[in-house]
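In the working numbering, the protein residues as written are 83 to 522.
Structure representation (structure tokens):
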């Protein structure tokens with residue numbers, strides 16, 4: 083993911099126009115100049131606290147996004163401020179992009195204390211730009227709202243129940259990854275902190291955050307979906323946790339158990355989302371559950387499948403089954419380099435289980451370097467990721483935008499990282515989009 087820490091500007095000339103218009107606004111006249119022409123990334127706005135929340139009449143259930151989604155400007159290494167939500171790249175592939183992930187962090191929303199009124203400037207600025215973008219004829223961009231916790235929880239939340247816990251962010255470990263007897267030392271540049279994400283007290287603070295978010299955005303027609311990120315650590319994906327010996331030892335010393343983590347995940351829908359979000363579809367990102375208490379570590383795929391079924395039982399059609407790893411593995415029996423055959427096989431089994439459940443299914447592609455490594459070229463990797471997602475019943479696929487502007491699209495040996503979906507033509511992206519199943 084990509085380091086970009088600025089926020090949306092509420093006044094910049096980014097993409098404008100809209101099919102759906104808020105009651106307070108009026109459609110632009112035919113003479114309106116499309117602000118996507120010559121659009122530039124917006125500057126940082128002045129942050130303000132959101133006003134008091136007011137409960138609104140409940141909307142009917144919203145329709146999930148169907149098509150290709152810009153996953154937004156996020157970085158696994160550094161999101162100390164709100165992520166850089168921008169329509170700059172969407173503007174370059176307007177007809178083929180159906181949605182965008184609007185990202186924010188718990189630390190940005192609620193930096194000082196539990197129950198603090200939310201600072202939603204980053205989200206509100208993003209929604210205002212989406213609203214203006216959709217005023218232009220033929221545009222109907224949806225929004226998947228995603229709030230990151232884990233590494234990006236506020237310091238007060240990380241201190242619930244005891245001091246913040248040091249873990250190792252393997253994406254920041256200098257390569258090759260160092261090896262030694264357990265616990266593996268973690269280089270200082272890769273040490274991060276998390277809270278007791280499995281504990282009841284931490285979960286209660288997170289649930290209160292969801293209550294405030296839902297009061298403001300559940301009835302907002304521009305928030306199409308919301309991501310479930312309860313119990314998360316390294317990324318926004320709930321089933322991803324540190325598995326290295328350094329992190330494992332520190333978490334266990336702070337009270338972590340696999341059983342406690344499973345309870346957190348199993349209760350996330352009924353505790354944090356179903357009581358608060360009533361109209362908005364909820365995308366729950368699944369992975370094969372990794373048991374780290376036993377030695378050697380092993381996978382509990384049955385727990386993942388049980389949690390999938392529980393989400394559908396609780397939310398019905400509003401539960402979107404999501405996975406954010408598509409394309410990392412070539413079809414069995416050939417795993418990606420560095421992955422065990424069993425690890426790849428478990429993902430294929432989980433994807434098939436998701437497919438067999440039916441309903442709305444979504445994927446995010448694996449990172450561009452992993453796609454290139456697994457499939458031999460950027461074009462082959464991206465094609466395979468989308469086609470495989472479609473084969474497992476996907477109605478939407480999140481795509482990586484460019485890491486930064488101004489870097490050319492190249493193939494190896496110059497670069498391993500193709501510069502985002504804008505490296506591909508409208509025709510290629512239209513072909514991807516046409517493979518996807520309509521959302522339910």
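Cβ coordinates follow ideal geometry from the N, Cα and C atoms, glycine included.
Bear in mind the structure is a predicted one, so any value in this text is a computation, not a measurement.
Backbone CA spacing between residue i and residue j [nearest angstrom]
i           : j           : result
residue 182 : residue 307 : 10 Å
residue 350 : residue 447 : 24 Å
residue 262 : residue 401 : Low per-residue confidence applies at residue 262: pLDDT is 41, beneath 50, and the placement is therefore not dependable, though the value from the model is reported in the following sentence. Using only the alpha carbons, I get a separation of about 42 Å.
residue 221 : residue 142 : 22 Å
residue 145 : residue 462 : 31 Å
residue 522 : residue 399 : 7 Å
residue 368 : residue 385 : 11 Å
residue 410 : residue 235 : 28 Å
residue 305 : residue 440 : 24 Å
residue 296 : residue 359 : 6 Å
residue 511 : residue 482 : 13 Å
residue 491 : residue 505 : 6 Å
residue 67  : residue 378 : Since the displayed the chain opens at 83 and closes at 522, residue 67 lies outside it and no answer follows.
residue 317 : residue 279 : 13 Å
residue 431 : residue 327 : 27 Å
residue 251 : residue 319 : 14 Å
residue 509 : residue 387 : 37 Å
residue 428 : residue 366 : 18 Å
residue 189 : residue 163 : 8 Å
residue 179 : residue 474 : 20 Å
residue 339 : residue 488 : 46 Å
residue 323 : residue 354 : 19 Å
residue 121 : residue 177 : 16 Å
First through last residue of the beta strand (DSSP E) which encompasses residue i
i           : result
residue 401 : 401-408
residue 457 : Per DSSP, residue 457 belongs to no beta strand (DSSP E); it is in the alpha helix (DSSP H), 450-457.
residue 249 : 247-250
residue 471 : Residue 471 -> not in any beta strand (DSSP E); alpha helix (DSSP H) instead, spanning 460-473.
residue 476 : 476-481
residue 444 : 443-447
residue 274 : 273-276
Residue i - containing alpha helix (DSSP H), residue span
i           : result
residue 342 : 340-350
residue 44  : Look at the range of the chain in this structure, 83 to 522, and you will see that residue 44 is not part of it.
residue 190 : 188-191
residue 237 : 237-240
Coil, strand or helix - residue i by DSSP
i           : result
residue 371 : strand
residue 232 : helix
residue 313 : coil
residue 516 : helix
residue 361 : coil
residue 206 : helix
residue 335 : helix
residue 383 : helix
residue 307 : strand
residue 172 : helix
residue 153 : coil
residue 225 : strand
residue 500 : coil
residue 430 : helix
residue 510 : helix
residue 35  : The structure shown does not extend to residue 35, since the chain spans only 83 to 522, so no value can be given for it.
residue 133 : Legend: pLDDT at residue 133 = 45, less than 50; position of this residue unreliable, value from coordinates given subsequently. In this structure, residue 133 counts as coil in the three-state DSSP scheme.
Supposed contact pair residue j and residue i - C-beta distance, whole angstroms, cut 8 Å
i           : j           : result
residue 185 : residue 238 : With 8 Å as the limit, residue 185 and residue 238 do not qualify as a contact, their Cβ atoms being about 21 Å apart.
residue 276 : residue 233 : 6 Å
residue 436 : residue 405 : 7 Å
residue 468 : residue 517 : 6 Å
residue 356 : residue 403 : Not quite, the Cβ-Cβ distance comes to about 16 Å (not below 8 Å), so this is no contact.
residue 255 : residue 272 : 5 Å
residue 347 : residue 313 : 5 Å
residue 223 : residue 514 : The Cβ separation is near 17 Å, so there is no contact.
residue 450 : residue 171 : At roughly 14 Å, the Cβ-Cβ gap does not stay under 8 Å, so residue 450 and residue 171 are not in contact.
query = Would the stretch 367-374 and the stretch 146-155 be scored as touching if the rule is three or more Cβ pairs under 8 Å?
reply = no
query = If you pair each beta-carbon of the stretch 161-178 with each one of the stretch 202-210, do three or more pairs fall below 8 Å?
reply = yes
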